[in-house]
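Numbering (this note's numbering), first residue to last: 249 to 509. We put the beta carbon where it would ideally sit given N, CA and C, even for glycine. Input: a single structure, listed below in structure tokens.
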Ligand SMILES: [Zn+2]
């Protein structure tokens, strides 16, 4: 199994308080966008698909967003040897604009989204409408691949060693992807854990919910669930994630055995 984090742009100088609930720090961070690619036993899976152009993001989301020519989704994928038409599955950890705006690129993929997330994305609370681009004159980005989008409920194994797990709280239908190799387990956590400060960062005594959430209680129940998984957590937006292969193993779990949750 090989898992790669592809850089897909970043929002510069975002207050840490935008990511860590209740933070009184005046520190700013860059919020990086990643597309994660999982390659295992002939199956290609993309987890989250990033944003549209930097101009579009600056116009509609008021972030100081930048993206180099090598960080466009097409360039990033091809530099990793991935043709969008060859991707078998797309998993959206949730349907915020920065996680699903390029779903349309993957013309042959099954796109797996939580049923709870789809329901909420259709009618979010007003305070969350922009995050889903549920705005006059805009089409919600996940709808660009509406015909290939499948609603899933609860845990779902995609292939040996790769299992979708619910991680609600940031949004009602947030989900992550648990990866099991022979030597270790990893969790692509989506925005349930957007940066390491939400989890177990140095000098932080406890996990702290993401600032944007639909249920604070579910955020903390999700932290307990993740802790029980005993896996290495890979946040969705943290600059400390390496650009190159996150990890690669010669073999994954034995054929037919899904990641045990
Ligand atoms: Zn989000």
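Asked: For residue 480, which residues from the same chain have a beta carbon less than 8 Å from its beta carbon, with the 5 sequence-adjacent residues on both sides left out?; Found: 432, 433, 434 and 435
Asked: Identify, in the order they occur along the chain, each residue of the same chain with its Cβ nearer than 7 Å to the Cβ of residue 499, setting aside the five sequence neighbours on each side.; Found: Per-residue confidence for residue 499 stands at a pLDDT of 47, beneath the threshold of 50, marking its modelled position as unreliable; the derived number appears in the next sentence. So the list reads 430, once near-sequence residues are dropped.
Asked: Is any heavy atom of ligand 3 found at a distance shorter than 8 Å from the C-beta of residue 470?; Found: The ligand content of the structure shown is limited to ligand 1, which means ligand 3 is not among them.
Asked: Return the residue from the list 309, 286, 310 and 306 that minimises the CA-CA distance to residue 325.; Found: 286
Asked: When the Cα of residue 302 is compared with those of 332, 270, 257 and 327, which residue comes out closest?; Found: 257
Asked: DSSP state of residue 380, grouped into three classes?; Found: coil
Asked: Please tell me whether residue 401 and residue 378 are closer than 9 Å, where the distance is taken between their beta carbons.; Found: no
Asked: Exposed or buried, what is residue 251 when buried is set at 16 or more other beta-carbons lying within 10 Å of its beta-carbon?; Found: buried
Asked: Using 8 Å as the cut-off, can you tell me whether the region 435 to 448 makes contact with the region 411 to 426, which would need three or more C-beta pairs spanning the two stretches below that distance?; Found: yes
Asked: Unbroken alpha helix (DSSP H) runs of length 4 or more, entirely within the region 298 to 345: which are they?; Found: 302 to 309 and 321 to 327
Asked: Is any heavy atom in ligand 1 found nearer than 8 Å to the beta carbon of residue 288?; Found: no
Asked: May I ask whether a heavy atom of ligand 1 can be found less than 8 Å away from the beta carbon of residue 347?; Found: yes
Asked: In the DSSP assignment, the alpha helix (DSSP H) including residue 444 goes from what residue to what residue?; Found: Looking at the DSSP string, residue 444 is not in any alpha helix (DSSP H), and its letter there is neither H nor E.
Asked: Below 8 Å, can you find three or more Cβ-Cβ pairs linking the region 376 to 392 to the region 325 to 338?; Found: no
Asked: By Cβ distance, which residues of its chain are closer than 8 Å to residue 292, with the 5 residues on each side in sequence left out?; Found: 285, 286, 330, 334, 335, 336 and 337
Asked: Output needed for residue 347: all residues of its chain with C-beta closer than 8 Å, excluding positions within five of it in sequence on either side, in chain order.; Found: 296, 297, 298, 340, 341, 438, 439 and 484
Asked: Can you tell which of 273, 259, 476 and 294 has its C-alpha closest to the C-alpha of residue 304?; Found: 259
Asked: So if DSSP puts residue 399 in a beta bridge, which residue, or which two residues, is it bridged to?; Found: 361
Asked: What does the alpha-carbon distance come out to for the pair residue 508 and residue 310?; Found: In this predicted model, residue 508 has a pLDDT of only 43, less than 50, meaning its place in the structure is not dependable enough to derive any value.
Asked: Beta-carbon distances below 5 Å to any heavy atom of ligand 1 define the shell here; list its residues in chain order, please.; Found: 344 and 439
Asked: Decide if residue 503 is buried, meaning its Cβ has at least 16 other Cβ atoms within 10 Å, or exposed.; Found: Residue placement at residue 503 cannot be trusted, given a pLDDT of 42 that sits under 50; what the coordinates show is reported in the next sentence. Exposed, since its Cβ has fewer than 16 Cβ neighbours within 10 Å.
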